[in-house]
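Student: Pasting a structure below so you can have a look.
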Ligand code: GAR
C-alpha cells in the first residue's frame with residue numbers, strides 16, 4: 204500500500220455509526236488505503252458523530268430543517284463534500300434518498316450499504332420486510348447509488364441466514380456483522396480503481 208495516495212472519503216450517517224466504525228478500524232489497521240475527509244450527519248443525536256470525533260475526523264451536522272427541498276439540501280451537501288476533498292461518498296446508514304443534484308455531482312462515486320439482498324426489500328425496515336416475507340436467507344448489499352431507492356448497480360452482497368425465532372433486532376445484528384466486512388471491502392476495491400460500471404453490472408477488475 205505504501206506510496207499510493209489514499210482515497211478521500213466523505214461518509215454520510217444518520218445513526219449509530221457501526222459501519223463508520225468498521226471503515227475507521229480498517230483504515231487504522233492499515234488494511235484500507237483511504238482517509239475520511241469528513242463525516243456528515245443529518246441527525247445531531249447520531250452516535251456516529253461521537254465515533255468520528257473520537258478518531259479526530261471532522262464532523263458536519265447537516266440537518267434538513269431549513270432546506271425547502273431535497274435538491275437544495277443536496278446542493279449544500281455537495282459543497283461540504285467538495286470542501287473536504289471527497290472523492291468517494293459513502294452512505295453508511297444515511298437514511299435519505301439522494302436527488303439528481305448529489306448523484307450528478309459524484310457520478311459513479313457514491314456507494315450505499317443496504318441490509319437486504321437487493322432487489323428484495325428496498326427502503327426502510329428491510330430486515331422486518333425479510334422476516335415478514337418468510338425468507339430463509341437475507342444479507343446485505345453494497346451498491347452504487349442512483350436516484351432510485353436502493354436501485355443502483357450492485358458491487359457485492361453477503362448472504363446471512365434467517366433463523367426461525369429471529370426478531371428484527373437479532374436479524375439486524377447478524378446482518379451487521381456481514382456489513383462491517385462488505386462495506387470496507389467494496390471501498391477498498393473502489394480505492395484500488397478496480398470497479399468498472401457497465402450498465403447494471405459492476406465488473407471487478409483483477
Ligand atoms: C445499517 O444496517 C445499514 O445497512 C442501514 O442502516 C444501518 C446503519 O447502521 N441502512 C439502511 O437501511 C439504508 N437503507 P450503523 O449506523 O450502525 O452503521
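Numbering (the working numbering), first residue to last: 204 to 409.
Built from N, CA and C at the ideal position, the CB exists for glycine as well.
Just so it is clear, the structure is predicted and the values come from calculations on it, not from any experiment.
Looking at C-alpha atoms only, which residue of 394, 320, 355 and 319 is the closest neighbour of residue 289?
Tutor: When each option's Cα is compared against that of residue 289, the closest is 394.
Student: Where does residue 237 fall in DSSP's three states?
Tutor: Of the three classes helix, strand and coil, the one that applies to residue 237 here is strand, per DSSP.
Student: Determine the contact status of residue 283 and residue 258, defining contact as a CB-CB distance below 8 angstroms.
Tutor: Against a cut-off of 8 angstroms, the Cβ pair of residue 258 and residue 283 comes out as no contact.
Student: Decide if the region 387-407 is in contact with the region 248-258; the criterion is three or more beta carbon pairs, one per stretch, under 8 angstroms apart.
Tutor: Short answer: they don't touch.
Student: My output table needs one value for residue 298: the three-state DSSP class, helix, strand or coil.
Tutor: Reduced to three states, the DSSP call for residue 298 is coil.
Student: If I measure Cβ to Cβ from residue 391 and keep anything under 6 angstroms in the same chain, skipping five residues before and after, which residues do I get?
Tutor: If we look at residue 391 and ignore the five residues flanking it on each side, its Cβ neighbours are 235.
Student: DSSP on residue 383, reduced to helix/strand/coil?
Tutor: Residue state, collapsed to three classes: helix.
Student: Would you check if there are 3 or more beta carbon pairs closer than 8 angstroms linking the region 316-329 to the region 337-346?
Tutor: Because the criterion of three Cβ pairs below 8 angstroms is met, the region 316-329 and the region 337-346 touch.
Student: Assuming residue 221 and residue 330 form a contact by the criterion Cβ under 8 angstroms, report the distance between their Cβ atoms to the nearest whole angstrom.
Tutor: At roughly 14 angstroms, the Cβ-Cβ gap does not stay under 8 angstroms, so residue 221 and residue 330 are not in contact.
Student: By Cβ distance, which residues of its chain are closer than 8 angstroms to residue 360, with the 5 residues on each side in sequence left out?
Tutor: Excluding residues within five positions, the ones whose Cβ falls inside 8 angstroms are 320, 321, 342, 343, 344, 345 and 385.
Student: Taking the straight line between their C-alpha atoms, what separation do you get for residue 243 and residue 267?
Tutor: Approximately 12 angstroms between the Cα atoms of the pair.
Student: Measure from the alpha carbon of residue 224 to the alpha carbon of each residue in 280, 295 and 340, then state which is nearest.
Tutor: The option with the nearest alpha carbon to residue 224 is 295.
Student: Using three-state DSSP, classify residue 360 as helix, strand or coil.
Tutor: Correct three-state label for residue 360: strand.
Student: Would you give the residue range spanned by the beta strand (DSSP E) that residue 210 belongs to?
Tutor: That run of the beta strand (DSSP E) goes 210-216.
Student: Do residue 284 and the ligand GAR come close, with the Cβ less than 7 angstroms from some heavy atom?
Tutor: No, the Cβ of residue 284 stays beyond 7 angstroms of every heavy atom of the ligand GAR.
Student: What residue from 387, 339, 402 and 398 has the CA that sits closest to residue 232's CA?
Tutor: The residue with the shortest Cα to Cα distance from residue 232 is 387.
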